[in-house]
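One structure is given here, and the rest of the page talks about it.
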Amino acid sequence: MAQQKKLSEAVTCTGWHLGALVALRVLIGWHFLYEGLAKLFNPYWSSTGYLLEAKGLFAGLFTSIVANPTALRIVDWLNIWGLTAIGLGLMLGFLTRPAAIAGAVLLVLYYLCNPPFIGYTYSVHAEGSYLIVNKNLIELCALIVLALFPTGRIVGLDRLVFGPPQQARAHAV
Amino acid sequence: MSHHDRNEGAQPEQAGSARSGIGRRDVLKGLASIPVLGLFVYGFLKKRSLEENRKQKILSELGLGEAPAVMPASAGSKRGDLIRLGIIGFGGRGEDLIRAAGFAHPDWVEQKRRDAEKNKLDKWLEDWLKQEDLNVALTAVCDVFDVRAERGLAASRNEFRPGGGGTPLPGAKRYRHYQELLASKDVDAVIIATPDHWHAQMAIDAAEAGKHVYLEKCMTRTEEEVYRLYEAVTRTGIVFQLGHQNRQQATHAKAREIVQKGILGPITLVETTTNRNSPGGAWVYDIHKDGSPQTIDWEQFQGPAPHKVPFSLERFFRWRCWFDYGTGLSGDLLSHEYDAVNQILELGIPHSAVASGGIYFYKDGRDVPDVFHVVFEYPERNLTLIYSATLASNRNRGKVFMGHDAAMEVGGVLTVTADYE
Chain A
1 MAQQKKLSEA VTCTGWHLGA LVALRVLIGW HFLYEGLAKL FNPYWSSTGY
51 LLEAKGLFAG LFTSIVANPT ALRIVDWLNI WGLTAIGLGL MLGFLTRPAA
101 IAGAVLLVLY YLCNPPFIGY TYSVHAEGSY LIVNKNLIEL CALIVLALFP
151 TGRIVGLDRL VFGPPQQARA HAV
Chain B
1001 MSHHDRNEGA QPEQAGSARS GIGRRDVLKG LASIPVLGLF VYGFLKKRSL
1051 EENRKQKILS ELGLGEAPAV MPASAGSKRG DLIRLGIIGF GGRGEDLIRA
1101 AGFAHPDWVE QKRRDAEKNK LDKWLEDWLK QEDLNVALTA VCDVFDVRAE
1151 RGLAASRNEF RPGGGGTPLP GAKRYRHYQE LLASKDVDAV IIATPDHWHA
1201 QMAIDAAEAG KHVYLEKCMT RTEEEVYRLY EAVTRTGIVF QLGHQNRQQA
1251 THAKAREIVQ KGILGPITLV ETTTNRNSPG GAWVYDIHKD GSPQTIDWEQ
1301 FQGPAPHKVP FSLERFFRWR CWFDYGTGLS GDLLSHEYDA VNQILELGIP
1351 HSAVASGGIY FYKDGRDVPD VFHVVFEYPE RNLTLIYSAT LASNRNRGKV
1401 FMGHDAAMEV GGVLTVTADY E
């Protein structure tokens, strides 16, 4: 309780804070949505290559998906529509918290499938240089922040569907 | 209940509902990110149409279709009479060929079963079982090494096979000499999978005995033998099939299409290579522990070899390393590269050929070079074909067609790079 108080004393929520959180939400939403649609409209896309590159503790699990055509179809479908739905949710601020959590879960899977751990090399060349921390991990962390500070009920469709939160109403003047 | 929405002109709230007061401010804030979605949709459509236009423009300029290359069927679908096969030479390749015909040694089945258990992606056994039942029987096996002949017999009896319903197979009979096999009335056709030095004589003898023949490259060991074999096959009228790997490659068909459309411009240089770096790749095969003068019919093995030498396990198991039995890099591996280039360019016989090389790495008593190069000239086609091989480095140098307008690399994938100069 004491810590919670300290934080609220130190950080006063201003329009800038809100704006930054909404911008982060919309940008990550944009990224997810495009990743989903780009796969949807590419007839040759499949998660096979990515899954076959799997390394680390769960490598066996990821590669076994490729061995089973039904599982692979389901995973591909979930990927495409998961990314698209999460992207739309974040961008529009609809079901913001579930969208952020689902996005974080997806990124945990991506991170665990191709972890940038010391000693692991991948045949697909990464566009940057990574040591344990990669962009998946950062985006995952950003989504946790967004799940903890869901802005959809302030700026987003959640406001119309579920109504604005009490504090927002107080600040709304 | 307090009045949540303080906007002037707000809708009257409904009693008992906290969500009732949807005002102008709520609508504005609720839909605030819609313009971003609009921007996204605009960008998405623009990018897609640009990429699609660019792709279609390139394809139409080059006159290429998007469709993958169509591969011709390797065999007709009509089911004929049962063909009774005999195999002469049940070494590594012979065993592969007989397995492709539908007869696997139980050890192989067991090994593949274990592989599939360990690695779920290993579909080798599953794919093999799904193969079409070719309606052939394996009735005769001939090998000069007892262990291999026994393996052939075991494969012929294995009812675990594509289309097999668990009915026990009668199994093949072993023949000690290939002439006895050719004299058998239980054989309609033979697969010859011996070292190259035996190819011509056995195929000619099979033709004379009225047996149809499947034989793989290198068809003969010498040029002179080619004419004798050709004469025997045409005179007897048997069906003679010459097997060659990499004849069903989609990249070869697509490469041919690209060349015929003139996309590369005049091609003046073709470079093709072999790059191997392992004992197996250099034909240093394992010597079987049971190989001995007692288990190997050395005299029959030597047969038409130009030099007769005392019994040698190295020569028997690693015969590709000696010109007495094989053809070295030229017949063994250049043949594949030359055949691939021929499928794409239809080059035919060159005007001239110059070759050089040496034994620079595998100084194990062999007499075939392990580094070897050939330059073929085709003046009427205005091009040179270069083949370069090493058995002691496996950096991939690919198969490259150098055109005036673009270069094309052909392998598992096909890459065309425009020439900008």
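Keeping their order, the protein sequence lines are chains A and B. Residue 1 is where the first sequence starts when you use this note's numbering, and the numbers rise one by one after that. Residue 1001 is where the second sequence starts when you use this note's numbering, and the numbers rise one by one after that. For glycine and all other residues, C-beta sits at the position ideal for the given N, C-alpha and C. On a predicted model such as this, the values are computed, not experimentally measured, just so you know.
Quiz prompt | Cβ neighbours of B:Arg1084 in the same chain (closer than 7 Å, five flanking residues each side left out) | solution = Counting from one through the second sequence, the residue named residue 1084 of chain B turns up at place 84. These residues qualify, in order along the chain: Ala1137, Thr1139, Asp1186, Val1187, Asp1188.
Quiz item: What in chain A is Cβ-close to B:Ile1022, meaning under 9 Å?
Solution: Counting from one through the second sequence, the residue named residue 1022 of chain B turns up at place 22. Chain A residues near B:Ile1022: Arg159, Leu160, Gly163.
Quiz item: B:Val1027 touches chain A at which residues, Cβ-Cβ below 8 Å?
Solution: As a first step, residue 1027 of chain B is located in the second sequence; it is residue number 27 there, counting from the start. Going along chain A in sequence order, the residues near B:Val1027 (Cβ under 8 Å) are Leu160.
Quiz item: Taking the alpha helix (DSSP H) that B:Ile1058 falls in, what are its first and last residues?
Solution: By 1-based counting over the second sequence, the position of residue 1058 of chain B is 58. Run containing B:Ile1058: 1034–1062, per the alpha helix (DSSP H) assignment.
Exercise. Taking the CB atoms as reference points, tell me whether B:Asn1158 and B:Ala1104 lie closer together than 9 Å.
Key: For the purposes of this step, residue 1158 of chain B is taken as residue 158 along the second sequence, with counting starting at 1. For the purposes of this step, residue 1104 of chain B is taken as residue 104 along the second sequence, with counting starting at 1. Closer than 9 Å, so yes.
Quiz item: With contact counted as at least three CB pairs below 8 Å, one residue from each stretch, are the segment 1335–1354 of chain B and the segment 1390–1398 of chain B in contact?
Solution: no
Self-check item: Residues within the segment 63–85 of chain A neighbouring chain E, beta-carbon criterion of under 9 Å
Solution: No chain E is part of this structure, whose protein chains are labelled A and B.
Exercise. Please name the residue or residues paired with A:Leu131 in a DSSP beta bridge.
Key: By one-based count along the first sequence, residue 131 of chain A stands at place 131. Note: A:Leu131 sits in a beta bridge opposite A:Val133.
Quiz item: By how many angstroms is the C-alpha of A:Val108 removed from the C-alpha of A:Asn134?
Solution: Along the first sequence, read from residue 1 onward, the residue named residue 134 of chain A stands at position 134. Along the first sequence, read from residue 1 onward, the residue named residue 108 of chain A stands at position 108. In a straight line, the C-alpha of A:Asn134 is about 12 Å away from that of A:Val108.
Practice problem: Go through its chain and collect everything with a Cβ distance to B:Ser1393's Cβ below 7 Å, but skip five positions before and after it. | Solution: By one-based count along the second sequence, residue 1393 of chain B stands at place 393. Here the set comprises Asn1275, Asn1277.
Quiz item: Does the segment 96–104 of chain A touch the segment 42–62 of chain A, meaning 3 or more C-beta pairs lie closer than 8 Å?
Solution: no
Exercise. Could you please give me the residues that DSSP links to B:Asn1275 through a beta bridge?
Key: Along the second sequence, read from residue 1 onward, the residue named residue 1275 of chain B stands at position 275. Answer by DSSP bridge pairing, in chain order: B:Thr1390.
Practice problem: Look at the alpha carbon of A:Leu27 and the alpha carbon of A:Leu61, and state the distance between them as a whole number of angstroms. | Solution: What you label residue 27 of chain A is simply residue 27 of the first sequence in a count that begins at 1. What you label residue 61 of chain A is simply residue 61 of the first sequence in a count that begins at 1. Each residue's Cα considered, the two are about 31 Å apart.
Quiz item: Nearest chain B C-beta to A:Leu52 closer than 9 Å, yes or no?
Solution: Here residue 52 of chain A corresponds to residue number 52 of the first sequence, with the count starting at 1. Chain B, which has a Cβ nearer than 9 Å to the Cβ of A:Leu52, makes this yes.
Exercise. Tell me whether the beta-carbon of B:Thr1272 lies closer than 9 Å to the beta-carbon of B:Met1402.
Key: Taking the second sequence and counting its residues from 1, the one referred to as residue 1272 of chain B is at position 272. Taking the second sequence and counting its residues from 1, the one referred to as residue 1402 of chain B is at position 402. Taking 9 Å as the Cβ cut-off, B:Thr1272 and B:Met1402 do not qualify as a contacting pair.
Quiz item: Could you check where the alpha helix (DSSP H) with B:Leu1334 kicks off and where it finishes?
Solution: Start at 1 with the first residue of the second sequence, and residue 1334 of chain B comes out as number 334. Taken as a continuous stretch (DSSP letters only), B:Leu1334 belongs to no alpha helix (DSSP H), as it is neither H nor E.
Quiz prompt | CA nearest to the CA of A:Val124, picked from A:Ala23, A:Thr48, A:His17 | solution = Reading the first sequence from its first residue, position 124 is the one you call residue 124 of chain A. With distances taken between Cα atoms, A:Val124 lies closest to A:Thr48.
Quiz item: Mind checking A:Ile154: buried by the 16 CB within 10 Å criterion, or exposed?
Solution: Within the first sequence, numbered from 1, the residue matching residue 154 of chain A stands at position 154. Result: buried.
Exercise. Check whether the segment 1354–1362 of chain B touches the segment 1309–1317 of chain B, counting contact only when three or more Cβ pairs, one atom from each stretch, lie closer than 8 Å.
Key: no
Quiz item: Hey, A:Thr151 and A:Val22: beta-carbon distance below 9 Å or not?
Solution: As a first step, residue 151 of chain A is located in the first sequence; it is residue number 151 there, counting from the start. As a first step, residue 22 of chain A is located in the first sequence; it is residue number 22 there, counting from the start. Yes. Within cutoff.
Self-check item: Whole-number beta carbon distance between B:Val1190 and B:Lys1211, since they are thought to touch under 8 Å
Solution: Position 211 of the second sequence holds residue 1211 of chain B. Position 190 of the second sequence holds residue 1190 of chain B. The pair is a contact, with the Cβ atoms about 5 Å apart (cut-off 8 Å).
Quiz item: For B:Lys1173, which beta-bridge partners are listed by DSSP?
Solution: Translated into the one-based positions of the second sequence, residue 1173 of chain B becomes position 173. Partner(s): B:Ala1140.
Quiz item: So which residues of chain B does A:Trp30 contact, with C-beta pairs closer than 8 Å?
Solution: Here the question's residue 30 of chain A lines up with position 30 in the first sequence. Here the neighbours are Val1036, Phe1040.
Exercise. Check the Cβ-Cβ distances between A:Gly15 and every residue of chain B, and say whether any is below 9 Å.
Key: For the purposes of this step, residue 15 of chain A is identified with residue 15 of the first sequence, where counting begins at 1. So, not an interface residue.
Exercise. Return helix, strand or coil for B:Arg1084, following the three-state DSSP convention.
Key: Here residue 1084 of chain B is taken as the residue at index 84 of the second sequence, counted from 1. Looking at B:Arg1084 - three-state DSSP - the assignment turns out to be strand.
Quiz item: Can you tell me where the alpha helix (DSSP H) with B:Leu1313 in it begins and where it stops?
Solution: For the purposes of this step, residue 1313 of chain B is taken as residue 313 along the second sequence, with counting starting at 1. Note, B:Leu1313: alpha helix (DSSP H), 1313–1317.
Quiz item: Near B:Cys1142, what residues of its chain come up, given a Cβ to Cβ distance below 6 Å and the 5 sequence neighbours on each side ignored?
Solution: Walking along the second sequence from the start, residue 1142 of chain B turns up at place 142. If we look at B:Cys1142 and ignore the five residues flanking it on each side, its Cβ neighbours are Ile1088, Tyr1175, Tyr1178, Leu1181.
Quiz prompt | Members of the segment 1119–1138 of chain B that neighbour chain A once the beta carbon cut-off is set at 7 Å | solution = Lys1120, Leu1121
Quiz prompt | Chain-ordered neighbours of A:Tyr34 on chain B, where CB pairs are closer than 8 Å | solution = As a first step, residue 34 of chain A must be located in the first sequence, where it is residue number 34. What A:Tyr34 touches in chain B: Phe1040, Phe1044.
Quiz prompt | Cβ of B:Arg1048 within 9 Å of any chain A Cβ | solution = As a working mapping, residue 1048 of chain B is identified with position 48 in the second sequence. Output row for B:Arg1048: interface = yes.
Practice problem: Measure the C-alpha to C-alpha separation of B:Gly1365 and B:Val1309 and round it to an integer number of angstroms. | Solution: Numbered from its first residue, the second sequence carries residue 1365 of chain B at position 365. Numbered from its first residue, the second sequence carries residue 1309 of chain B at position 309. Their backbone Cα atoms lie some 14 Å apart in a straight line.
Quiz prompt | Positions along the segment 90–108 of chain A whose CB lies within less than 7 Å of some CB in chain B | solution = Met91, Leu92, Gly93
Exercise. Anything in chain B within Cβ reach of A:Val26, meaning under 7 Å, just list it in chain order.
Key: Within the first sequence, numbered from 1, the residue matching residue 26 of chain A stands at position 26. Neighbours of A:Val26 on chain B, chain order: Ser1033, Val1036.
Quiz item: Which residue comes first and which comes last in the alpha helix (DSSP H) that contains B:Val1109?
Solution: Here residue 1109 of chain B refers to the residue found at position 109 of the second sequence. From DSSP, the alpha helix (DSSP H) with B:Val1109 extends over 1106–1118.
Quiz item: Under 8 Å from any heavy atom of the ligand ZN, does the C-beta of B:Gly1086 make it?
Solution: The model depicted lacks the ligand ZN and carries no ligand whatsoever.
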